[in-house]
Each structure stands twice: as structure tokens, then as C-alpha cells.
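Peer 1: Using numbering that gives the first Met the number 0, the first residue of the sequence shown is number 0, and each one after it goes up by one. Built from N, CA and C at the ideal position, the CB exists for glycine as well.
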Amino acid sequence: MEALPSHSGRPPIRTTSSSSGRSSTDLDSPSSFFPPSTAITQSLSSILNNPHASRSDASWSIFWPSASVGAPDFSAPISTSVSLPDVSRGEFQPYLSAIFESYSRFEDVRKHTSRETGDAIAESRGHGEALVSCLREVPALFFKEDFALEEGAVFRAACPFSPSIAENAELQERLTHYLDLVEMHLVREISLRSDSFFEAQVQLQGLNGEIVEACVKVRELKETIRILTGDLVGSAKQVQELNATRGNLVALHQMLTVILYVSHALSALKLVRFYYIISVQLLRI
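#1: Could you give the uninterrupted runs of the alpha helix (DSSP H) lying entirely in the region 140-193, keeping only those of 4 residues or more?
#2: In whole angstroms, what is the alpha-carbon distance linking leucine 281 and leucine 268?
#3: My understanding is that phenylalanine 154 touches leucine 148, with C-beta atoms under 8 angstroms, so please give their C-beta distance in whole angstroms.
#4: Straight-line CA distance for threonine 223 to glycine 233?
#5: Identify the continuous alpha helix (DSSP H) that holds glycine 246 and give its terminal residues.
#6: Does DSSP put serine 87 in a helix, in a strand, or in coil?
#7: If we ignore side chains and look at the alpha-carbon of each, how far apart do phenylalanine 146 and alanine 152 end up?
#8: Just how far apart, CA to CA, sit phenylalanine 273 and isoleucine 284?
#9: Under 8 angstroms, do alanine 156 and leucine 140 count as touching if we go by C-beta distance?
#10: Between the alpha carbons of tyrosine 177 and serine 190, how many angstroms are there, rounded?
#11: Tell me the rounded alpha-carbon separation between threonine 112 and serine 103.
#12: Quick check on DSSP: helix, strand or coil for proline 138?
#13: Is any heavy atom of the ligand COA found at a distance shorter than 7 angstroms from the C-beta of threonine 112?
#14: In whole angstroms, give me the CA-to-CA distance for isoleucine 277 and tyrosine 260.
#15: Go ahead and pull the three-state DSSP assignment for serine 101.
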């Protein structure tokens, strides 16, 4: 009986009856030619070497191993590990010295920010717990902005009348408890805010002291400027003023000289006129 033609191009395998009892199915299976481990290894090698191959090629690679893939060589020597040199802390010292100042400033800013955030969270948490406790135990009627006990409806809601003495006593105790509770939380809020108030007061006093010190320094600076002005600038200023006065006097002297020349010229003109008049009268005679 002849077997079907092979798809791989190999000659067909002829099966004949033999004493071993193998059938054609046993001859077609890959295990009859290669052990299972070899078939699986060749299949993985084909997939890894050609990941874009079609599904049919991958299926054929299971049965027929690729001849291009060689068997791994386990006799190759194993590379020895390279010993790295020991690194000491002194080699990092230049880098640590370079970033020490910046890192210290960063740590200070981070600690300050964390401390302020923690204080703000604790303060807001304390304020919130006090408010929630008051709202939980004291009725919301007493927290209204338009609370007016003189109104009848508000009075009846706040102090419901009861003919029973025991209920009235219980109401009085409950109102007293509300009052004590509000006073307790009020004192707590005052104590929470007193720290910041006293801290602000201390800072204000420190600022006042710095202002007084600055005023003293300004006064000393003014006195120093006055002394320097009298010693160094006074003489130069006096020389400048005298020079300006001299210039003014020179200009005045020149102006007076011109006026004197004009006066002499007028006198000469008057004299010439007088001589002219006398000469004319003599000529007429």
C-alpha cells in the first residue's frame, strides 16, 4: 500500500507488513523519526527565527525540523565574572560637598512646610471636632442667627412647658448641660486661638523693638551726615557761594563802569551844546 505524497518534497514512505507490527500511522508520526524533545525544540526554533511565518509553515515545522538551525554547543567555556573595584565613601565626598548646601536648604524648607501643614491640620481638626460635638449634642435651634427667645414659637420650642415637676427639672438640667457644653467648647476654642494670639503679640513686640532700634540708627545716621556736611561739604559750599558772589560783583562793576562812561558822554554832549549855542549867538551879533 502506498502512502500519500509528502508536502515537504521528500519521497513517499512505503509501508509494508513487517514482523515489528508497525502500521502506516506509526511511520507518519514524528515520534517514529525524532524524539519528542527534538521536535518541540525545532518547532520553537522555527517560530523564533521566523515569527512572521504563516500558520501552515509553523505546523509543518513541528514535523520536519529546519536544517538551518544547528544544535546548541554546550561545550563553550563559561565566561568568568569580572571583579569590580571597591568604592569607598571618600570618592563620593566631592559630590556630597557640592550638593550639601542645596540639600540642606531643601531639607529645611521641607521640614518647615511639613510642620506648618501638620499644625494647620491639627488645628482645623480640633476646631472641626469641637463644632461637630456642639452640633451633635446641642439642638440646632440655639445656633440660628434669628434666635429670639421672646417670640412665642421659639420659646415653646426651646422650653416646652410641662405640668410635671420632674420633666421641668429634667428640662432645666438639660439646658444647664447645654450651657456647660457650649462654655467648655468656647474655652477650648479660646485656648486654641490664644497660642497664635500670644505668638502674634510676641512677634509684634519684637517688631516694635526692631522699629525703635531702626529709629535710633536713623537718628545716628542723620547726625553723622550733619557732621560730614559741616566738615567736608561746608567749606566747599562756602567757596562756591563766594565764587558766585564774586561773579555777581564783577558783573555789577562792569555795569557801573558802562553807566559812568555814559554819564561822562552826556556831560560832554551838554558842554558841546553849550559851546554851540554861544557860538551861534556870537555869529548873529
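Peer 2: Considering the structure as presented:
#1: 151-157
#2: 20 angstroms
#3: 6 angstroms
#4: 14 angstroms
#5: 233-283
#6: coil
#7: 11 angstroms
#8: 17 angstroms
#9: yes
#10: 20 angstroms
#11: 14 angstroms
#12: coil
#13: Absence of the ligand COA is noted for the structure shown, with no ligands found whatsoever.
#14: 26 angstroms
#15: helix
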